[in-house]
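Have a look at the structure below, then the notes.
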Amino acid sequence: MAVLVVAEHDNASLKDATHKVVTAARAMSGDVDVLVAGENAAAVAQAAAKIAGVRKVLHADGAALAKQMAEPLEALITPLMANYDGVLFPATTTGKNAAPRVAAKLDVMQVSGVIGVESADTFVRPIYAGNAILTVKSAEAKKVLTVQPTAFKTAGDGGAASVEQVAAPAGPFKSAFLSDEIVKLDRPELTAAKRVVSGGRAMGSADEFHRVIEPLADKLGAAVGASRAAVDAGYAPNDYQVGQTGKVVAPELYVAIGISGAIQHLAGMKDSKVIVAINKDEEAPIFQIADFGLVADYKAAVPELMAELEKAGI
Amino acid sequence: MKVLVPVKRVLDYNLKVRVKADGTGVDLSNLKMSMNPFDEIAVEEAVRMKEGGGGHPAGTATEVVAISIGPEQAQETIRTALAMGADRGILVKAEGEVEPLAVAKLLKAIVDAEQPGLVILGKQAIDDDSNQVGQMLAALLDWPQATFASKIVVAGGKINVTREIDGGLQTLSLETPAIVTTDLRLNEPRYASLPNIMKAKKKPIDAKTPADLGVDVAPRLTVVKVADPPKRQGGAKVKTVQDLVAGLKAAGVI
Ligand SMILES: Cc1cc2nc3c(=O)[nH]c(=O)nc-3n(C[C@H](O)[C@H](O)[C@H](O)COP(=O)(O)OP(=O)(O)OC[C@H]3O[C@@H](n4cnc5c(N)ncnc54)[C@H](O)[C@@H]3O)c2cc1C
Ligand SMILES: Nc1ncnc2c1ncn2[C@@H]1O[C@H](COP(=O)(O)O)[C@@H](O)[C@H]1O
Chain A
1 MAVLVVAEHD NASLKDATHK VVTAARAMSG DVDVLVAGEN AAAVAQAAAK IAGVRKVLHA
61 DGAALAKQMA EPLEALITPL MANYDGVLFP ATTTGKNAAP RVAAKLDVMQ VSGVIGVESA
121 DTFVRPIYAG NAILTVKSAE AKKVLTVQPT AFKTAGDGGA ASVEQVAAPA GPFKSAFLSD
181 EIVKLDRPEL TAAKRVVSGG RAMGSADEFH RVIEPLADKL GAAVGASRAA VDAGYAPNDY
241 QVGQTGKVVA PELYVAIGIS GAIQHLAGMK DSKVIVAINK DEEAPIFQIA DFGLVADYKA
301 AVPELMAELE KAGI
Chain B
1001 MKVLVPVKRV LDYNLKVRVK ADGTGVDLSN LKMSMNPFDE IAVEEAVRMK EGGGGHPAGT
1061 ATEVVAISIG PEQAQETIRT ALAMGADRGI LVKAEGEVEP LAVAKLLKAI VDAEQPGLVI
1121 LGKQAIDDDS NQVGQMLAAL LDWPQATFAS KIVVAGGKIN VTREIDGGLQ TLSLETPAIV
1181 TTDLRLNEPR YASLPNIMKA KKKPIDAKTP ADLGVDVAPR LTVVKVADPP KRQGGAKVKT
1241 VQDLVAGLKA AGVI
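Quick mapping for you: the protein sequence lines, in order, are chains A and B.
Under this note's numbering, think of the first position of the first sequence as 1, with each following residue one higher.
Under this note's numbering, think of the first position of the second sequence as 1001, with each following residue one higher.
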C-alpha cells in the first residue's frame, strides 16, 4: 500500500512538521509520497524530494492553492486518493482544516492527532486533553489521519525523489481569501523550538509579558508561548497558545512562568523533556509535573535567573 | 437567516477522566456533564445574531435551532442552549459513541430538512478532541467552511470570518449557506438567567432517531484499548535560582 503525506509549508520553505509526518507514514508503508500544494512553491517541492525515504513528490501549483484553503485542497487530494491507501496531514491548522473534508468525501472515519503508529491500521491518539490514550483500529479502505508532529522523530535528508507535476484544481470555490495577518517571528517557531518560555495570566499586561518573557526567551534562544488566559487577555497573540486547543509542543526545555497548570495547558506541553515552573503558589498544579519547581514571585525570580544565566555564560 | 447550532454533551471541562481498569474506555458514571465549551460559544454567537450584539444587528439570525445527538440526557444540553436564547431544539437519540462522520451525516439530514443559511459548530469536542464534524458536514453538503473563527461578520449575502491559524489570523469570505466552527476568542458565552431557564422549559424539542434520518451510525473504528497516559516523574522543587540553573546545567538543557 502507498500513502501520501501532505507537506506543511508557506510556499517559500518546507516545515519540519513534514519530515516528522513522513516518519509516521514510514511506519505504515514503504511507499511514501509527499504532496506539495501551493503557489510558486517549486523550491518546497525540491526540498521535499530530499527527505529520506520519500518515493516521489507530487507538486501542484496554482493560484487557488496559494493559501492552502480547505476547499481547493480537498478538490486536489480526493481524486489523488485513487492511487493511495492512506493520507497523512500534519495536525496543524492547515491540516486540521482540510483533512476531515477529504475523509467525508471518501466516506471514511478520520483518526485525529495521531501520536503513535502501531501498524498500517492501528493508531494511538490522546483523548480528553491527553488524560487518556486511545489505541484504535481502522478497517477503512483509505486511512485519513492527522498526525501530531511533535510525537515523531524527524526524517533526515538524503533522499533524491523525483518531482511530478499534478494539475491544481480550477474551481470555482465558494470561499475566498480576503486577508491575513501573519505574525513575523524573530524567534524559533513554537512547535519546532528546542526551548520554549511561556507566560501566563500572572503577567497582568502585554507590556509586562514583553518585558519579562521575551528577554528570557531570547537569552535561551527559545520560542515564546502563552497560556490561554494570557492570550484571551491580549498579553500575547493567539498563535502563542499552548494546550489542548492551541499548539502542542515537546521541547527539550519548557519554562512556565505564572501559569497554574490547568489540564488544558498541560495537554500541550507535558511531553517536554525538562519542565521548569516558576509560580508563587506552592499548591499550583504545574508543580506536580515540573522537574524544577521554584516557588517564587516571578518579578524577583526572572531578573535573578537572567543574571544567573549571564554568569553561567549563557 | 436560520442558524443551526449542534451542541454536544460532554464531561465538564473542570473534571479529570478516569480510565476504566479493564482498558475499554473511560468511566463517566456520576460525573458532571456539560455543554462542550466551544458549542456554548457557538450558541452565544447565534443568539447575538438574533438579538443583536457582538457586531451583529438584531435579526441577522431569524431563528436559532439547537441540535444534539446523544442519549436522552442530551436533552439537558439542548435546554441549556434554549435557556441561552435558542428558539427550539432537535434531539437525535443515540446510545453509545457516535463517531464524527456519523454525526456529520445526521446533521446533513437535518440541514436538508431545515435549510439553514448558516451552521455554527464548535471547533472540537473536548472529549474525543476530534476536530472533524464541521469540516465533514461542509464536505457532505458541498458548502464553504471557515474553521477556528474568532470573528464573524454577516454582510451583503456573504459571511466574512476571521480564523485563528498557526501563523496568526486569516480572513475569508464565504458564500451562503456556510459552515463556521468557533475558537475560544469568538465571544464570551452568557450564563442563562433563572427566568430564561424557566422559559426554556416551554420551548419545543423535537425527538428523532438515526433511523428516522436514514443514517447508519455503526462505528467505523474499533477501540483496541484506552490507557492512562505515561506518568511523568515531576514534583521536584528547587529552593533558589542558583539551584535551578545548576540543575538545568546538570540536565544538559542549557
Ligand atoms: C474548552 C477549553 C479549552 C482550553 N484550552 C486551553 C489551552 O489550549 N491552553 C491553555 O493554556 N488553557 C486552555 N484553557 C484554559 C485553562 O482551563 C486555564 O483557564 C488557563 O490555562 C489558565 O491560564 P493561567 O495558568 O495563565 O492562569 P491562572 O490559572 O489564573 O494562573 C495564574 C498563575 O500565576 C500565578 N501567579 C500570579 N502572580 C504571580 C507572580 N507574581 N509570580 C509567580 N506566579 C504568579 C498564580 O499563582 C497562578 O498559579 C481552556 C479552557 C477551556 C474551557
Ligand atoms: N453528538 C453531537 N451532538 C451535537 N453536536 C456534535 C456532536 N458531536 C460533535 N458535535 C459538533 O461538532 C463539533 C466538533 O466535534 P468533534 O469533531 O467531535 O471534535 C462540536 O463542537 C459540536 O458542535
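In this text, a Cβ means the ideal position worked out from N, Cα and C, and glycines have one as well.
Asked, Found
"Quick check: the Cα distance between A/D207 and A/A223, rounded to an integer number of angstroms?", "18 Å"
"Going residue by residue through the segment 1075 to 1100 of chain B, where are the continuous beta strand (DSSP E) segments of at least 3 residues, counting only ones entirely within it?", "1088 to 1093"
"Does any CB atom of chain A fall closer than 8 Å to the CB of B/T1169?", "Rather than Thr, the amino acid found at residue 1169 of chain B in this sequence is Leu. Yes, contact with chain A."
"Where does A/P251 fall in DSSP's three states?", "coil"
"Can you give me the start and stop residues for the beta strand (DSSP E) that A/V147 sits inside?", "143 to 147"
"What is the C-beta distance between A/V22 and A/I51, in whole angstroms, given that I count them as a contact (C-beta under 8 Å)?", "5 Å"
"Using DSSP with H/G/I as helix, E/B as strand and the rest coil, what is B/I1126?", "coil"
"Which residue's Cα is closest to the Cα of B/Q1145: A/V242, A/P100, A/L35?", "A/P100"
"Can you check whether the CB of A/A7 is closer than 8 Å to the CB of A/V44?", "yes"
"Could I get the ranges of all uninterrupted beta strand (DSSP E) runs contained in the segment 1123 to 1202 of chain B, with 3 residues as the minimum, in chain order?", "1145 to 1155, 1158 to 1165, 1168 to 1175, 1178 to 1182"
"Less than 7 Å between C-beta atoms, sequence neighbours within five positions excluded: which residues of the same chain meet that for B/I1078?", "V1007, A1066, S1068, G1089, L1091, I1205"
"Mind pulling the chain B residues with CB within less than 8 Å of A/F220?", "In the sequence under discussion, the amino acid at residue 220 of chain A is Leu, which differs from the Phe named in the question. Per Cβ cutoff of 8 Å: I1254."
"Which class does A/D31 belong to by DSSP, given the choice of helix, strand or coil?", "strand"
"Can you list the residues of chain B that A/K273 reaches, using a CB-CB cut of under 9 Å?", "A1251, V1253"
"Can you give me the C-alpha to C-alpha distance between A/L216 and A/A256, rounded to a whole angstrom?", "12 Å"
"Is A/K67 closer than 8 Å to A/T146 when the C-beta atoms are compared?", "no"
"Along the segment 1208 to 1225 of chain B, where does the CB come closer than 9 Å to a CB of chain A? Name the residues.", "P1219, R1220, L1221, T1222, V1223, V1224, K1225"
"So what does A/E164 bridge to, in DSSP terms?", "A/L58"
"Classify B/V1226 as helix, strand or coil using the three-state DSSP reduction.", "strand"
"Of all the options A/H19, A/T92, A/V34, A/V5, which has the alpha carbon lying nearest to the alpha carbon of A/S162?", "A/V34"
"Determine the burial state of A/E164: buried for a count of at least 16 other Cβ atoms within 10 Å of its Cβ, exposed for fewer.", "exposed"
"Give a yes or no on whether 8 Å exceeds the smallest Cβ distance from A/V36 to chain B.", "no"
"Report the rounded CA-to-CA distance for B/D1243 versus A/I133, giving the unit in angstroms.", "35 Å"
"Helix, strand or coil for A/L4 per DSSP?", "strand"
"For B/I1165, count neighbouring C-beta atoms within 10 Å of its own C-beta (all shown protein chains included) and say buried if the count is 16 or more, exposed if not.", "buried"
"Compute the Euclidean distance between the alpha carbons of A/T154 and A/L14, then round it to the nearest angstrom.", "13 Å"
"Using a Cβ-Cβ distance under 8 Å, would B/N1030 count as near chain A?", "no"
"Tell me the DSSP bridge mates of A/N279?", "A/V295"
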